[in-house]
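Here the structure is laid out as structure tokens; the discussion comes afterwards.
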Amino acid sequence: MEQSDYFSLLNRAILKLDSNTPQARSEIYDRARQALRNQLGAMQPRLPDAAIAKELQQLEGAIRQLEPPQKIQPEPPSKQPGKQQAPAQPPRSVASRGIFCEHCIAETTDETPGDISTLNGIGRQFYGSAAPCPECASVIRTLWWTLVSLPVVPLASYRYKTSEEHGTRARFWCRKLPARHWNQIFKTWVIGIAAAIAIFVGIYVYHQYK
Ligand SMILES: [Zn+2]
102 MEQSDYFSLL NRAILKLDSN TPQARSEIYD RARQALRNQL GAMQPRLPDA
152 AIAKELQQLE GAIRQLEPPQ KIQPEPPSKQ PGKQQAPAQP PRSVASRGIF
202 CEHCIAETTD ETPGDISTLN GIGRQFYGSA APCPECASVI RTLWWTLVSL
252 PVVPLASYRY KTSEEHGTRA RFWCRKLPAR HWNQIFKTWV IGIAAAIAIF
302 VGIYVYHQYK
């Protein structure tokens, strides 16, 4: 799952707290860390260490977003993409021809996914990153229909490229692949669902027995 998914899972757990104190929040984070570590470590076939580390990093990133450093409180960077900021640049199919290499253009179509926005956890979101192109550095990502930030229905796979500027605006180009990338879809499902269940169960058990 991505940082924004962990963010919304943790955020909802925090909203359910009887008393939202730093102590109570930090207990939630510890439960989530432990649950996620246990779950990913126990998965069969065994996940590569890098994949486990990446998931844990996404979780830590979400925690940092929820608990910004005490001294300065800068505007948290785009917690709700597309909600308040200018909407993400619509992908421009024709312009994307100049962005991708010939090979990637040949294996894809001009079809665009339209406006990607997630509202209240229901919407569409890209997950995964596979088969990086050695020529133009695009990767294959799958667009999912999501419910409470969980990937539910894989809609289509795309060749995907972000612009080089890392601003708050998500700016990307994508070109639709004729077929869904099932390998990636399966991985997204397994990791997304296992991580979500682990965190839910971790928090639930904690509330039952505290
Ligand atoms: Zn390419």
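The working numbering applies: residue 102 is where the sequence shown begins, and numbers increase by one.
Just so you know, even glycine gets a beta-carbon here, dropped at the ideal spot from N, CA and C.
Asked, Found
"If Gln135 and Gly303 are in contact, beta carbons under 8 Å, what's the gap, nearest whole angstrom?", "7 Å"
"Assuming Gln140 contacts Gln104 under a Cβ cut-off of 8 Å, what Cβ separation, rounded to an integer in Å, is found between them?", "Between Gln104 and Gln140 the Cβ distance is about 18 Å, and since that is not below 8 Å, they are no contact."
"Taking just the CA atoms, how far does Leu278 sit from Ala296?", "28 Å"
"Quick check on Asp150: buried or exposed, where buried means 16 or more other Cβ atoms within 10 Å of its Cβ?", "exposed"
"Among residues of its own chain, excluding the 5 on either side of Cys234, which ones have a beta-carbon nearer than 6 Å to its beta-carbon?", "Cys205"
"I'd like the list of long-range same chain contacts for Ala114, defined as Cβ closer than 6 Å, with 5 residues on each side in sequence excluded.", "Ile129 and Ile304"
"What are the boundary residues of the alpha helix (DSSP H) that Ile241 is part of?", "Note, Ile241: premise wrong, no alpha helix (DSSP H); beta strand (DSSP E) at Val240 to Leu248."
"Which value, in whole angstroms, describes the spacing of the CA atoms of Pro192 and Cys237?", "Note that Pro192 scores a pLDDT of 46, beneath 50, so its modelled location is shaky; the value from the coordinates is reported in the next line. About 17 Å."
"Just the Cα atoms here: how many angstroms apart are Pro315 and Trp245?", "Any property of residue 315 remains undetermined from this structure, which presents the chain solely from 102 to 311."
"List the residues that DSSP assigns as beta-bridge partners of Ser258.", "Thr243"
"Determine which residues share a DSSP beta bridge with Thr122 and list them.", "Paired residue(s): none; Thr122 is not in a bridge."
"Consider the C-beta atom of Lys202 and the heavy atoms of ligand 1; say whether any pair is separated by less than 6 Å.", "Checking the displayed sequence, the identity of residue 202 turns out to be Cys instead of Lys. Flag set: Cβ of Cys202 near ligand 1."
"Throw me the rounded Cβ distance for the Leu111 and Leu167 pair, which I believe falls under 8 Å.", "6 Å"
"Comparing the CB of Ser250 with every heavy atom of ligand 1, is any distance shorter than 6 Å?", "no"
"Skipping 5 residues on each side, what residues in its chain have a beta carbon closer than 7 Å to that of Ala107?", "Note on residue identity: the sequence assigns Tyr, not Ala, to residue 107. Result list for Tyr107: Gln159, Leu160 and Ala163, in chain order."
"Between the C-alpha atoms of Lys184 and Pro169, what's the straight-line distance to the nearest angstrom?", "Residue placement at Lys184 is poorly supported in this model, since its pLDDT is 46, which falls under 50; the coordinates still yield a value, given next. Their backbone Cα atoms lie some 20 Å apart in a straight line."
"Is it the case that the Cβ atoms of Ser239 and Arg260 are separated by a distance below 7 Å?", "yes"
"Near Arg281, which residues of its chain fall below 7 Å by C-beta distance, leaving aside the five closest residues on each side in sequence?", "Thr243, Pro255, Ala257 and Ser258"
"Compute every distance between the C-beta of Ser120 and the non-hydrogen atoms of ligand 1, then say whether any falls below 6 Å.", "no"
"Hey, could you find the ends of the beta strand (DSSP E) Cys275 is sitting in?", "Phe273 to Lys277"
"In terms of residues, what are the limits of the alpha helix (DSSP H) holding Gln166?", "Asp150 to Leu167"
"Does at least one heavy atom of ligand 1 sit under 6 Å from the Cβ of Cys234?", "yes"
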